[in-house]
Amino acid sequence: MIKNIFDIKKVPSNSEEELFESLYNSGNVLIERIISTGQVTPDGIWLEEDYDEWVILLQGNSKIKFDDGKIIEVEKGDYFRIPANTKHKVILTSTIPCCIWLAIHIKKK
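Under my numbering, the final residue of the sequence shown carries the number 443; numbering is consecutive throughout.
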């Protein structure tokens, strides 16, 4: 069955949570689509995974802050890697257009 990465009909316009959709999961590699509609990481919380993550923003714009104080502005088409055990948080995601992310999580065997 063919699907379209830009199909966002299922996303509620007033959702407080991002939509995470698993596109492929082999156990050590997870590819997911994430739809953000203005959500940010709550104050006092840092995201930190025990695996590498490669991310591309397909639509929208965002800002990501790292625990060393560095802030990156992410625009449509930008991609980057977040190494395992790197503390980070999302401090901005656009609402119009919403953010469509493609994330590849590479877990160690």
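Think of the CB as a built atom: it goes at the ideal place given N, C-alpha and C, for glycine as much as any other residue.
Between which two residues does the beta strand (DSSP E) harbouring Ala437 extend? For the purposes of this step, residue 437 is taken as residue 103 along the sequence shown, with counting starting at 1. Residues 433 to 440.
Quick one: complete beta strand (DSSP E) runs, 3+ long, within the region 342 to 374? 353 to 359, 363 to 370
Indicate whether Asp412 and Leu391 have their beta-carbon atoms separated by less than 8 Å. The residue given as residue 412 occupies position 78 in the sequence shown. The residue given as residue 391 occupies position 57 in the sequence shown. It is a contact, given that the beta carbons lie within the stated cut-off.
How would you write the range of the beta strand (DSSP E) that Asp386 sits in, first residue to last? For the purposes of this step, residue 386 is taken as the residue at position 52 of the sequence shown. Where Asp386 is concerned, the enclosing beta strand (DSSP E) starts and stops at 386 to 393.
Could you give the distance in angstroms between the alpha-carbon of Glu445 and the alpha-carbon of Lys421? The question about residue 445 has no answer, for the chain in this structure spans 335 to 443.
Please determine, among Ile368, Val408, Ala418, Lys404, the residue with the shortest C-alpha to C-alpha distance to Phe340. The residue you call residue 340 lines up with position 6 of the sequence shown. Nearest of Ile368, Val408, Ala418, Lys404 to Phe340, Cα basis: Ile368.
Would you decide whether Ser370 is buried or exposed? Buried here means 16 or more other CB atoms lie within 10 Å of its CB. Translated into positions along the sequence shown, residue 370 becomes position 36. Per the 10 Å Cβ criterion, buried.
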